[in-house]
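*Asks:* From first to last, the protein sequence lines stand for chains S and E.
If you read the first sequence in our numbering, its first letter stands for residue 7, the second for the next number, and so on.
If you read the second sequence in our numbering, its first letter stands for residue 37, the second for the next number, and so on.
Take a look at the following structure, please.
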Amino acid sequence: GAVVSQHPSRVICKSGTSVKIECRSLDFQATTMFWYRQFPKQSLMLMATSNEGSKATYEQGVEKDKFLINHASLTLSTLTVTSAHPEDSSFYICSARDLGTGHQDTQYFGPGTRLTVL
Amino acid sequence: SQQGEEDPQALSIQEGENATMNCSYKTSINNLQWYRQNSGRGLVHLILIRSNEREKHSGRLRVTLDTSKKSSSLLITASRAADTASYFCATDPPGGNKLVFGAGTILRVKS
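Pasting the structure below:
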């Protein structure tokens with residue numbers, strides 16, 4: 007199946023700093039990628055939809071100036087958590103749809119990035 | 037809430053037993069998908085069932101869908117310790133481009 011990678015897998019940063027997380031589709035092109043966050047023992051909450059070449063669409067309650075999303079190519083989307091605070095500590099997961107014939111309905115998920123803000 | 041309901045929230049069974057997890061949702065859908073997540077890891081796609089399908093099988097997995105009741109179930113037969121994980125259903129609404137996840141069921145299979 008299609009593979010999505012994330013980097014880094016784990017990051018610890020000081021409060022007030024910015025952290026960039028990369029999401030790559032390794033063997034397919036993805037015009038649309040999705041960013042989720044997941045708190046311990048909870049489900050995934052969609053933060054935003056990342057569209058290649060255009061602005062991201064943010065879910066209600068998600069601050070677009072705090073969570074900057076850039077989707078510069080068909081295989082790469084980045085999420086930057088700006089001025090991170092301890093409450094931003096979470097598991098961030100990206101996903102992508104494979105737009106190849108017969109696979110449009112399936113989202114492939116990255117392995118996640120564990121962010122800890124001290 | 038964007039999430040549907042899943043039950044049970046947690047399930048503990050012995051190896052070899054069957055595990056059944058249920059999912060209910062609120063809106064019409066194109067399809068419903070089940071995912072598995074090992075602790076601290078990403079999600080693995082298990083199976084997709086379309087709105088015009090009622091049952092689907094994949095190995096030891098059996099998924100049913102009842103659109104009139106807006107519910108689905110995932111059955112894992114002959115469970116193994118390696119099946120221990122969290123299981124999520126996710127619905128794909130018409131016209132949307134995004135999945136809506138249920139709250140998840142934590143499955144523990146004891147050997």
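We put the beta carbon where it would ideally sit given N, CA and C, even for glycine.
Since the structure is predicted, the reported quantities are computational estimates derived from the model, not experimental observations.
(1) Is D128 of chain E near N54 of chain E, with beta carbons less than 8 Å apart?
(2) If I follow the unbroken beta strand (DSSP E) through K92 of chain E, where does it start and stop?
(3) Which residues of the region 71-86 of chain E have a Cβ closer than 9 Å to any Cβ of chain C? Give them in chain order.
(4) Mind listing the chain S neighbours of A139 of chain E? Cutoff is C-beta to C-beta under 9 Å, in chain order.
(5) Contact criterion: CB-CB distance below 8 Å. Does L135 of chain E meet it with respect to chain S?
(6) For V76 of chain E, count the other beta carbons within 10 Å of its own beta carbon; 16 or more makes it buried, fewer makes it exposed. Which is it?
(7) Does I99 of chain S come within less than 8 Å of chain E when only Cβ atoms are used?
(8) Within 10 Å of its beta-carbon, does Q50 of chain E have 16 or more other beta-carbons around it, so buried, or fewer, so exposed?
(9) How about V145 of chain E and R98 of chain E: do their beta carbons lie closer than 8 Å?
(10) Who are N76 of chain S's beta bridge partners in DSSP?
*Replies:* Let me lay it out:
(1) Walking along the second sequence from the start, residue 128 of chain E turns up at place 92. Walking along the second sequence from the start, residue 54 of chain E turns up at place 18. Result no, Cβ atoms of D128 of chain E and N54 of chain E do not sit closer than 8 Å.
(2) Against the second sequence, residue 92 of chain E aligns to sequence position 56. Residues E91 to S94.
(3) Note that chain C does not occur in the displayed structure, where the protein chains are S and E.
(4) Within the second sequence, the letter at position 103 stands for residue 139 of chain E. Near A139 of chain E (Cβ distances below 9 Å), the residues of chain S are Q48 and S49.
(5) Taking the second sequence and counting its residues from 1, one reaches residue 135 of chain E at position 99. So yes, L135 of chain E belongs to the interface.
(6) As a working note, residue 76 of chain E is residue 40 in the second sequence. Residue identity check: residue 76 of chain E is Gly in the sequence provided, not Val. It is exposed - the Cβ of G76 of chain E has fewer than 16 other Cβ atoms within 10 Å.
(7) For the purposes of this step, residue 99 of chain S is taken as the residue at position 93 of the first sequence. At least one chain E Cβ lies under 8 Å of I99 of chain S.
(8) Residue numbering aside, residue 50 of chain E sits at position 14 when the second sequence is read from its first letter. Counting the other CB atoms within 10 Å of its CB gives Q50 of chain E a total below 16, which places it among the exposed residues.
(9) Counting from one through the second sequence, the residue named residue 145 of chain E turns up at place 109. Counting from one through the second sequence, the residue named residue 98 of chain E turns up at place 62. Taking 8 Å as the Cβ cut-off, V145 of chain E and R98 of chain E do not qualify as a contacting pair.
(10) On the first sequence, position 70 is the one that residue 76 of chain S refers to. N76 of chain S is bridged to S:T84.
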